[in-house]
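Residue numbers (this note's numbering), protein chains in the order written: chain A, 1 to 390; chain B, 1001 to 1293.
Heads up, the beta-carbon is just placed ideally off N, CA and C, and yes, glycines get one too.
In structure tokens form, the structure reads like this:
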């Protein structure tokens, strides 16, 4: 019944789109054209299939909001938690899952690999103007003007520091990169190839002669420079972290004084003297969106899920539970607690996020728009990353 | 007579198999062979064969093919070579430390300790096996954090732990695998007849000479057996390095890093520990102790 109603609604909104003249496709600001498999998008809502298999980050899919969704649509939610972006990509390629909460470093890989399909935004009414401007139309999930992702939330990779030791917020990331750092052996860094982009962000600021315009569009010399910087860091580093618990215990236990962190990890550390800052160079960040498998059998449930989770209250609940800035900023005004959460995570602060480079899978096409060179692909980043730790 | 006939009829399968020895053999070995070939060898083979496959640089999709690039990478990239050597040295150190502590402990338990002390020690050695593997690694992590137990306990003596590094990885792995060395060594020493010790001392040998000339040759097979465990388990481990090694990278770390990103490299690199273990077993075989195990 509800399915039919939705179908009528979506048919209506689809016709509105035809009238308004399909303007999407021209707002591709970066001017990058990427070759992607041609996959048709969903045209109109139909009957709900009764189930939805989700690959998600821990905390994104909880009974607190899935029960209501299942009651409304009859779609039974089967979540599968993945620990890393790479695991998400592997899981999605099994074809057993309908939808994934991918970060930008997984999203573009899935899009280019033909594992996910372009989205018909008109079937997702809650994907509205309330979605933070900085989360729409980014190259990691919008390719050749076609949207592939519905934003969920975002967070920055911040510099966390132990104030008892540093005596104040470090102004620059140099405390984690340079050999003369006062915190030698007490530094932590994120343990994944995508961390190369953090080196690139630092080089963008301190070595403009390298000509890096986007930390995810590195040619061979720029990548080599970033790897050299990472190798230099390897001499002063204490620990690499990929497991959040290890990172938290490392800061709380005093093994680490400065290093990469997320706002939510600082909250979990729960110590007054452990703080975060966004240094002058800016930083990288993770922007998560829902992507729908190209081979899904539960397309209507998937669309209903994306629409449901884009509602201010549901989107807010996910953001609060995980500890990130919600994509739907309408949530912030809903209560004083919501506003406090949004302020902590800079949800409405576009100026803050302008200094954050969203994780994007590096591909051979330079996403900064350069056409005269070939950029390094994620495969090259992976191989290069293996040489850093020696 | 009729009863016997009735009994015969009541076991048709047994009587059928009694007459057909080949069918009987087949029915006995089918299940274990299916397990070994189907589950063990085939899955291992499927994993290793990907070492020759290609990866699409764009999407990291794996496609069947044949190239030796992955092996070339594993054998030429300095970081991979350094990691292989480091892991080998860690595994050898862990094995050496386990042997060093297992022999005196075994002699004490088997020949000197009172029965209740012996039982207590046996429980103490096996007790850690009851706890989860990850739990033990995290426990070691907590002990050696900067504000952890070790630094707190050693503070009065002015000693500070080395922080998370290779020595702590070796210590953690020793802690994890010590029972696998201690138990076979203890059992072997227990089986040495007490009169050999008497004979040795009658001939004028002192304690250490007895250990070196009498005990050690007799327990070598047990030491080799234990070392196969400690060596191969250390060689494949990566969680100890991840949680207690700081920036230490082991073979397992690289395989784990690549298993999603670049499965062919992970497969090619997993040949290295297999190669080390094969060499180790061949050396062990040459000493003749595998036959006596």
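If residue i and residue j are in contact, beta carbons under 8 Å, what's the gap, nearest whole angstrom?
| i | j | result |
| --- | --- | --- |
| residue 187 of chain A | residue 259 of chain A | 5 Å |
| residue 1260 of chain B | residue 89 of chain A | 7 Å |
| residue 1125 of chain B | residue 1244 of chain B | Not quite, the Cβ-Cβ distance comes to about 21 Å (not below 8 Å), so this is no contact. |
| residue 41 of chain A | residue 117 of chain A | 6 Å |
| residue 298 of chain A | residue 51 of chain A | 6 Å |
| residue 215 of chain A | residue 197 of chain A | 4 Å |
| residue 334 of chain A | residue 124 of chain A | Between residue 124 of chain A and residue 334 of chain A the Cβ distance is about 20 Å, and since that is not below 8 Å, they are no contact. |
| residue 1102 of chain B | residue 1185 of chain B | 4 Å |
| residue 1180 of chain B | residue 1230 of chain B | 6 Å |
| residue 278 of chain A | residue 158 of chain A | 6 Å |
| residue 162 of chain A | residue 34 of chain A | That belief does not hold up - the Cβ atoms of residue 162 of chain A and residue 34 of chain A are roughly 42 Å apart, past 8 Å. |
| residue 213 of chain A | residue 115 of chain A | That pair is no contact at about 28 Å. |
Please state whether the Cβ-Cβ distance between residue i and residue j is less than 9 Å.
| i | j | result |
| --- | --- | --- |
| residue 60 of chain A | residue 321 of chain A | yes |
| residue 1062 of chain B | residue 386 of chain A | no |
| residue 353 of chain A | residue 330 of chain A | no |
| residue 93 of chain A | residue 113 of chain A | yes |
| residue 257 of chain A | residue 165 of chain A | yes |
| residue 150 of chain A | residue 365 of chain A | no |
| residue 358 of chain A | residue 218 of chain A | no |
| residue 319 of chain A | residue 340 of chain A | no |
| residue 1177 of chain B | residue 1234 of chain B | yes |
| residue 1088 of chain B | residue 1208 of chain B | no |
| residue 360 of chain A | residue 104 of chain A | yes |
| residue 1172 of chain B | residue 1240 of chain B | yes |
| residue 155 of chain A | residue 345 of chain A | yes |
| residue 1295 of chain B | residue 1175 of chain B | Given a span of 1001 to 1293 for chain B in the structure shown, any question on residue 1295 of chain B remains unanswerable. |
| residue 248 of chain A | residue 269 of chain A | yes |
| residue 1188 of chain B | residue 1219 of chain B | yes |
| residue 141 of chain A | residue 289 of chain A | yes |
| residue 1163 of chain B | residue 1146 of chain B | yes |
| residue 146 of chain A | residue 1253 of chain B | no |
| residue 1249 of chain B | residue 1086 of chain B | yes |
For residue i, does the three-state DSSP call read helix, strand or coil?
| i | result |
| --- | --- |
| residue 20 of chain A | Confidence at residue 20 of chain A is low in this model, with a pLDDT of 37, below 50, so its placement is unreliable and no value can be given for it. |
| residue 15 of chain A | For residue 15 of chain A, the predicted structure reports a pLDDT of 41, less than 50, and the residue's modelled location is therefore unreliable. The matter cannot be settled from this model. |
| residue 190 of chain A | strand |
| residue 1186 of chain B | helix |
| residue 1260 of chain B | helix |
| residue 94 of chain A | coil |
| residue 1031 of chain B | helix |
| residue 1281 of chain B | helix |
| residue 236 of chain A | coil |
| residue 1113 of chain B | coil |
| residue 357 of chain A | strand |
| residue 154 of chain A | strand |
| residue 315 of chain A | helix |
| residue 1011 of chain B | coil |
| residue 1159 of chain B | coil |
| residue 242 of chain A | coil |
| residue 169 of chain A | coil |
| residue 384 of chain A | helix |
| residue 29 of chain A | At residue 29 of chain A, the pLDDT of 45 sits below 50, so the modelled position is not reliable; the number obtained from the coordinates is stated separately. If DSSP states are grouped into helix, strand and coil, residue 29 of chain A belongs with coil. |
| residue 1192 of chain B | coil |
Pull up the DSSP beta-bridge partners for residue i, would you.
| i | result |
| --- | --- |
| residue 149 of chain A | A:291 |
| residue 36 of chain A | None; residue 36 of chain A has no bridge partner. |
| residue 160 of chain A | A:259, A:276 |
| residue 269 of chain A | DSSP output for residue 269 of chain A lists no bridge partner at all. |
| residue 1146 of chain B | Beta-bridge pairing links residue 1146 of chain B to no other residue. |
| residue 209 of chain A | Answer by DSSP bridge pairing: none, since residue 209 of chain A is not bridged. |
| residue 1063 of chain B | B:1054 |
| residue 52 of chain A | A:77 |
| residue 285 of chain A | A:156, A:358 |
| residue 142 of chain A | A:147 |
| residue 325 of chain A | A:154 |
| residue 1200 of chain B | For residue 1200 of chain B, which the question treats as bridged, DSSP gives no partner whatsoever. |
| residue 116 of chain A | A:293 |
| residue 101 of chain A | A:290 |
Should residue i be flagged as near chain C, meaning a C-beta pair shorter than 9 Å?
| i | result |
| --- | --- |
| residue 1242 of chain B | No chain C is part of this structure, whose protein chains are labelled A and B. |
Hey, would you say the C-beta of residue i is under 8 Å away from at least one heavy atom of the ligand SAM?
| i | result |
| --- | --- |
| residue 1231 of chain B | Looking for the ligand SAM in the displayed structure turns up nothing, as the structure carries no ligands at all. |
Indicate whether the contact test is met: 3 or more Cβ pairs, each with one atom in the segment 94-103 of chain A and one in the segment 299-316 of chain A, closer than 8 Å. These segments touch.
So, do the segment 281-291 of chain A and the segment 187-207 of chain A have three or more beta carbon pairs nearer to each other than 8 Å? Contact between the segment 281-291 of chain A and the segment 187-207 of chain A is present, because at least three Cβ pairs lie under 8 Å.
Count the CB pairs spanning the segment 230-250 of chain A and the segment 1009-1016 of chain B that are closer than 8 Å, and state whether there are at least three. Contact between the segment 230-250 of chain A and the segment 1009-1016 of chain B is absent, because fewer than three Cβ pairs lie under 8 Å.
The segment 177-186 of chain A in contact with the segment 225-233 of chain A per 3-pair CB rule at 8 Å: Contact holds between the segment 177-186 of chain A and the segment 225-233 of chain A, because three or more Cβ pairs, one in each stretch, are under 8 Å apart.
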